[in-house]
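Heads up: the protein sequence lines correspond to chains G, U and E, in order. The first sequence finishes on residue 847 if you use our numbering, and the numbering steps up by one all the way, no holes. The second sequence finishes on residue 1206 if you use our numbering, and the numbering steps up by one all the way, no holes. The third sequence finishes on residue 2445 if you use our numbering, and the numbering steps up by one all the way, no holes. We put the CB at the ideal spot given by N, CA and C, even for glycine. Beneath this line is the structure, given in structure tokens, with notes to follow.
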Amino acid sequence: MSEPETVVNITVNGRPVQAAPGEWVIAAAERAGVYIPHFCYHPRMKSVGMCRMCIVDIDTGRGPALQPSCMVAVSEGMVVDTASEQTRKAQDGVLEFLLLNHPLDCPVCDKGGECPLQDQTMAYGPGESRFVEEKRHYEKPIPVNSLVYLDRERCILCDRCTRFADEVAGDPLITFQDRGDQTQVNTFPDLPFSSYFSGNTVQICPVGALTAVPYRFKARPWDLAEVESTYPNPMGDRVVVQASRDQVLRYQGVDSDAVNWGWLTDKDRFAFEAAASDLRLAAPLVRGTPLGQPDHSGRELVEATWGQALGRAADAIQSAVADKGPQSVAVLGGARLTNEDQYAWARLAKGVIGTDHVDAQLDDGLPADAVLGLPRATVNRACSPGGTVILLAPDPKEEQGTLYLRLRHAVANDGVQLIELTPRATGLSRLASFRLHHRPGEAAAVAAALVGGDTEAAADGDIGGVPAAAVAAAAAAIADRADQPVTVVLGRPSLAESADFTVAAADELARFANLLSAGGRPGIAFLPVLHRGNVMGALDMGLAPGLLPGRISLADGGPVLAEAWGSVPTASGAGARGILQAAAEGRVEVLILLGADPLGDFPDQKLAAEALDGAGTIVASDLFLNPSALRAHVVFPAAGFAERQGTHTNLEGRITSQRQVVTPPGTARADWAIAAGLAGRLGADFGFGAAEDVWDEISRVAPSHRGLVLEAIDAADDGVVATDSSISFAPPRPATPVPPVDAYSLRLVAARRMYDRGTLVQHAPSLAGLASPAVLALNPYDFDRVGVEPGADVRVISSAGEMDTPVVADPGVPRGTAAFGYNHPDRDARDLVDPEAVVTDLRVQTR
Amino acid sequence: MARLNPGSLAIAQEIISRYPVARSALIPLLHLAQEQDGHVTEEAMAHIAELVGVTPAEVMGTCSFYEMLKREPVGEYMVNICNGISCHLLGSSELIHHAEATLGVRPGGTTDDGKITLEAVECIAACTEAPCLQVNYRYRNRVSTADFDQLVDDLRAGTAGVAPHGKLAKVRQHIGDERRAGVAVPDGQAQPAWLARNPTDAESGS
Amino acid sequence: MNAPAPSDLRIITSRFDTDDGHTLAGYERTGGYGGLRRALAMAPADVHGEVRAASLLGRGGAGFPAGVKWGFCPPEVWPRYLVVNGDESEPGTYKDRLLMERDPHQLLEGCLIACYALGLSQCFLYVRGEMAHAQERLAAALNEAYDAGYVGANVLGAEDFSVDITLHWGAGAYIVGEETALIESLEGNRGMPRLKPPYFPASIGLYGKPTIVNNVETLSNLPWIVANGGAAFAAMGAESSTGTRVFAVSGHVAAPGVFEVPFGTTTFRDIIFDPRYAGGMRPGRTLKTFIPGGASAPWFFEEQLDLPLEKAAVDKAGSMLGSGAIVVMDDTTDVVEACHNVVRFFARESCGKCTPCREGTSWLEKILSRILAGQGRPQDLDLLMDVCDNISPGVSWPPRQTTICPLGPSAVSPIASALERFRADFEAYLPATAVSVTTASGAAP
Ligand SMILES: Cc1cc2nc3c(=O)[nH]c(=O)nc-3n(C[C@H](O)[C@H](O)[C@H](O)COP(=O)(O)O)c2cc1C
Ligand code: SF4
Ligand code: FES
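This is the structure:
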């Protein structure tokens, strides 16, 4: 017997081509440089063979026959002829058919210039129409949702958008309707295509039938300059940034095998509007008089020169250090910056000023050691066929859209078994093999039982609120597949419970590692998901207390970095909460906010307000004058995405490049340059002339990144994953105890949704309206118990506050739990979450 | 009148129980909705979507594919004159013209009194009985113009013995629980017992 | 009405003369469920063996041997399903409805035999939506059969043979008769065909599982075959077309009707002209053309009358017996109208999934409408043929196709047949000026 075939030999237009078993002819031909025209085929979706444009002569031994190359798999000895007379005639015929009813309104079509139908017509099409009858007519573009318009006259019924909605996004809200030549794509009446991913349909529509409202009539493809880059979200989605006349007009997803497969969320796709907002900061601001004169005592923020602004900030830092020591300076934020920006600020804070009170996370993430100290997974590992994914994280559909699409595909198509270890249902629940929806705060007990710990079931047969039998079944399923990778997607499932609980659950799962990896099995690894674009870069670059650039602790890395920097702090500093507490108590002389808005974004709103009141000088570097920046004494206008060069690190630790495409507004600068400018004023010369210089230094001094040169990163298809880490995972022991719930209360789960009060959403006109006020959601069975009616307006009371809100029934919320949105406009879970408590319990009353 | 009423719902649940995958019940449920309201309302489609676990848009996609499922109100009686090739050869065009003149509507239209909707339909499998028609899917064979006029009179008078539009078969399948073999779900992998019993039978498939 | 012509070789229409043949009592009295009893006493593989021995050709159109198709189920993949194709909608076709209305138990018995033989765990009876009467006859028969223990748990008391038969109904779409579209429809979807390969139902069918799709008439033969043996069945009819077949002869004949005749021995001339069958043309009329096997089939003429009603012979002559529908047209027929009628059918019934059929059939229909309205252009006749060629390259038989399923190419048959034979009839519709310009200069105005 021979080895299983790994290569299939076929002939394409007379040339030998090696293809992979199971590969479609169209894909094999394209890899060999033979383009076969097509409309319905899309490499990331199931073939349907509908448009018939790709039919070519395929001979599998019984003579050449016209077959759709998008749906015929290669077979040994197959002979493909894409240029035969018969092929050409058939393809011409299909093209003519497609054009019969097409309006040919290319001059007014957004797709004109980048339209496969137009291209095909130019290349192969008949010169003039033989069709003298009247064309099909439909009402001109109709909105399928607030972001996407559909022109049914242009539609060629390729099934791409409808397949995307169903197969990829799992939101089958646009479908084919009617039949035959009356077939059309449409929504159900008054039920829009409300999907977080609808913009992808515009990108994959092979004609101009679907157009994006934010882009309509903005530009023609030939006016657009485009550059490949990395969108600054935690997934590090690969994008093409397209701009015209120094303005970004569109992002298109790039099909990166390792990351986003070409998809983007609508939130990210349309966030370019925010970058172009009139409200962007374009010049430094300092306190001054109402007449615009910079003046220390002034109550207004007035425009200043960079010299004035940097001078003021440097003066404040210098006197703080002189009077109260370096620990009186604190740096908050930076998770949205590039690696270079983060490194420069880390070096300024830790190497020049000498403070370790630095934190990029706003008390809503996970400790750095849980991210950098656990074995790390890639997305492809999590999605590898037949593996197991344990979801110990917030709903990826809401928070990590493209990761959700990847996981969804893996579970739906590649036999990945999904085990939800979450306090409520997620966008993946329907596909999950096991839904272990635990009581808030009790994930660790379930995790322990899942990996064979000796947790006893409670008297009612439950573990942490999950039936013991379900946990046992899931445990058996993990054991069954132990020869395949097990991946934990790790994040904060609820902001109403302490991060310690998640860490403790991760700890239980991590103990399983030895067992699982016995005998050369792939074992268990963790894919951390945290909020804010480049939070992983921030941790790698040392923007966290006790850390230095290169995934090394202050203790271990001190000597290394001290050599490069001159000095490093000796003692570990405080995290975000500690910094704000110190500020509230008047112990922070200079508070530096790097794209951070504690007033809008910190879980403990009261503390944030007190901290800003109590801080000495506040220095902010930001894109917008957010509520916290409004309180600052010095505001630096920062360059945003697509306005500066740099690199990005995604949740896998994958480093990819970001490119400058347009100039920043006014005199805004990249953050690394702001940090370097301040350092200069403080007597330290970083010697950075460009972002590349900063990376150069990182690749020399950061231990985990040593030798990772930019050329190598850019040369690799999907960037480079940095794998080294000298941080070890150190969960708090003993574990934080969970208080019992009383019979009258509901335990709160507070989680973000895709559209919220966040800066980018609110500054993108097309997205702002999509954020809705939070409502309280209860299990349908809990209404009787708490004595309210679904749909009623109720009063909710916690130890931290009270609020009036509508209450709705949601079977995805387990009994005894209540779910409420975090960071929503109007009503926000933060008004209920008790920052002092490890969990928050609610009482619900009729009003 | 819109979502399925309790009576229809009970039938709907029984229908769904006969399929290994609930979505398979879509067309029968759409017929049921049409039986209840005379046509398929949007509310019924949304209700059916809930029952079988799909989106209303998916129900619409299916519903709109099939000619018999009417999404707008139609007359109490659908008079479908066959215009297939055999009926065409034996004068269906004349019959349709006659019907148009008699009823004062074009195919697709409904008479002012809301009683009759006229349609010219494709072959209804009674080709040897041409020209033929169906009233609410009940056959009338070898129909002359006089026959047609009589039919219209009977329909208007309520003496034609035809149930209102939507009602199809007068007998429903009913499977008593004790007689039910049980649905064969697609992910159950077991070989049926009666095949497994005889070891040589397993190979009979190839 | 429709009383079949007397014949001593009637197998599946034998109860049509019995008033209560559709009831359980009437069915049992006339030997009903004897085949099932006999099957249950045999090993499943042996039942399959009888069907193979019978060489029973599928009666749904393609004429593929049932016993062979049954063998295509991949081993060790379970469950397997049976789907009965009762969607009969091909213009001219009229026999499955009669079988369902007049002898529903015979069909149920056939289903049970197939399930037993192949280990099919559940059966779905897909009945055309417009056939209300057939649906209620089947529903009543099923209710009786369940109560009497023939269907459902422990068939006839068998310890381990249990099968549900679920009556399912369509809602008006010809294409759903195509087996992969039928499966889509049965899954609750739009009835759009799947591409074969890979979606051959026997390997990837209902819910992705091996599925046998058989026509009503095909399955109705099984009780007789099992009761009397495959060899007895194979002894009837012609060598490669065994048993009997039910033909509907409609159109311009003296006595249109549905006739069960020995397969492959009777000729077209017999069934059209013999007084025992359709009785010839209407008085004073002569044959112009006839469709031998449903609207999809290329047309036959006078010179094919003596062909036997036998699959291989008809295939060889360039058409097909298809669904057993013979539509006769006499000398009064306007072939352009007839051609338009059939093309309109396919255009209206195109599911819309693939481009050449969706756009091509409706374009053909529009061109023909224009010609009929006196607005034809001389180049339209060539255009018709070229559009046909783009749907079915070469316009040959059996058709090749740029489409997913054979519906698109079906619209080509009437045009190719009529235009080749009766080109003058088409030209007669072209405005006089148009024709004269063509002949004068060969160019269109
Ligand atoms: C367009 C089209 C329509 C069809 N319609 C029917 C039909 O109405 N009834 C039927 O039994 N087969 C029909 N068929 C054939 C089926 O696809 C299938 O071959 C048949 O049901 C198999 O059963 P058999 O092997 O018993 O003949 C149709 C095929 C095509 C391509
Ligand atoms: S040939 Fe026609 S009916 Fe068949 S799949 Fe294509 S569009 Fe549908
Ligand atoms: S790309 Fe193959 S049929 Fe459309």
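Can you name, in chain order, every residue of its own chain whose Cβ lies under 8 Å from the Cβ of residue i, other than the five neighbours on each side?
i                : result
Gly452 (chain G) : Ala475, Phe512, Leu515
Asp246 (chain G) : Val662, Thr663
Which residues in the same chain as residue i place their Cβ atom closer than 7 Å to its Cβ, once the five residues preceding and following it in sequence are excluded?
i                 : result
Gly1223 (chain U) : Residue 1223 (chain U) lies beyond the stretch modelled for chain U, which goes from 1001 to 1206, so this question has no answer here.
Ala676 (chain G)  : Ala344, Phe686, Phe688
Gln118 (chain G)  : Cys106, Gly112
Just the Cα atoms here: how many angstroms apart are residue i and residue j?
i                 : j                 : result
Glu139 (chain G)  : Trp263 (chain G)  : 29 Å
Gln361 (chain G)  : Leu599 (chain G)  : 14 Å
Leu630 (chain G)  : Val535 (chain G)  : 24 Å
Pro549 (chain G)  : Ala774 (chain G)  : 39 Å
Asn2002 (chain E) : Ser2220 (chain E) : Here the model assigns Asn2002 (chain E) a pLDDT of 43, short of 50, so the residue's position is not dependable and the matter cannot be decided.
Ala691 (chain G)  : Ile317 (chain G)  : 25 Å
Glu23 (chain G)   : Asp414 (chain G)  : 16 Å
Gly640 (chain G)  : Asp718 (chain G)  : 23 Å
Ser1204 (chain U) : Thr2211 (chain E) : Here the model assigns Ser1204 (chain U) a pLDDT of 43, short of 50, so the residue's position is not dependable, and the following value carries that caveat. So the two alpha carbons sit approximately 15 Å from each other.
Thr6 (chain G)    : Ala19 (chain G)   : 9 Å
Pro485 (chain G)  : Phe729 (chain G)  : 21 Å
Ile857 (chain G)  : Gly2352 (chain E) : Because chain G spans 1 through 847 in this model, residue 857 (chain G) falls outside it and cannot be assessed.
Gln2122 (chain E) : Tyr2081 (chain E) : 5 Å
Ala2045 (chain E) : Ala2148 (chain E) : 26 Å
Gly2237 (chain E) : Ala2297 (chain E) : 22 Å
Met71 (chain G)   : Ile10 (chain G)   : 16 Å
Got a sec? Which residues, its chain only, sit under 6 Å from residue i by beta carbon, not counting five neighbours each side?
i                 : result
Leu1030 (chain U) : Val1040, Cys1063, Leu1069
Arg287 (chain G)  : Gly298, His633
Gly464 (chain G)  : His438, Arg439, Glu442, Ala445, Val446
Glu2101 (chain E) : His2133, Ala2134, Arg2137
> Could you give the uninterrupted runs of the alpha helix (DSSP H) lying entirely in the region 669 to 711 of chain G, keeping only those of 4 residues or more?
Replying inline: 671 to 681, 691 to 701
>> As an exercise, report each continuous beta strand (DSSP E) stretch of at least 3 residues that is fully enclosed by the region 769 to 820 of chain G, in chain order.
In response: 776 to 778, 793 to 797, 802 to 809
> Unbroken alpha helix (DSSP H) runs of length 4 or more, entirely within the region 2104 to 2176 of chain E: which are they?
Replying inline: 2104 to 2118, 2132 to 2147
> Hey, is the region 214 to 227 of chain G in contact with the region 101 to 118 of chain G, meaning 3+ C-beta pairs nearer than 8 Å?
Replying inline: yes
> On the three-pair Cβ rule with 8 Å, is the region 2129 to 2142 of chain E touching the region 2059 to 2070 of chain E?
Replying inline: no
>> Measuring CB atoms only, is the region 2068 to 2081 of chain E touching the region 2319 to 2337 of chain E, in the sense that at least three cross pairs come out at less than 8 Å?
In response: no
> Is there contact between the region 796 to 814 of chain G and the region 736 to 744 of chain G, where contact requires at least three CB pairs shorter than 8 Å?
Replying inline: no
>> Can you tell me which residues fall inside 6 Å of ligand 3, judged by beta-carbon distance to its nearest heavy atom, and keep chain order?
In response: G:His38, G:Phe39, G:Cys40, G:Tyr41, G:Gly49, G:Met50, G:Cys51, G:Arg52, G:Met53, G:Cys54, G:Pro68, G:Cys70
> Which ranges would you report for the beta strand (DSSP E) in the region 2183 to 2227 of chain E if only whole runs of at least 3 residues count?
Replying inline: 2211 to 2215
>> For the pair the region 45 to 62 of chain G and the region 160 to 170 of chain G, tell me if three or more CB-CB distances fall below 8 Å.
In response: yes
> At what residue ranges does the region 393 to 479 of chain G contain a whole run of the beta strand (DSSP E), taking only runs of 3 or more?
Replying inline: 417 to 422, 434 to 437
>> Measuring CB atoms only, is the region 1166 to 1173 of chain U touching the region 1033 to 1053 of chain U, in the sense that at least three cross pairs come out at less than 8 Å?
In response: yes
> Curious, which full-length beta strand (DSSP E) runs of at least 3 residues does the region 2238 to 2265 of chain E contain?
Replying inline: 2244 to 2251, 2257 to 2262
> Counting pairs of beta carbons, one from the region 2343 to 2351 of chain E and one from the region 2417 to 2429 of chain E, are three or more of them closer than 8 Å?
Replying inline: no
> For the region 182 to 201 of chain G against the region 92 to 100 of chain G, are there 3 or more C-beta pairs whose distance is under 8 Å?
Replying inline: no
>> Runs of 4 residues minimum, wholly inside the region 545 to 612 of chain G: which ones carry the alpha helix (DSSP H) assignment?
In response: 554 to 565, 576 to 584, 598 to 601
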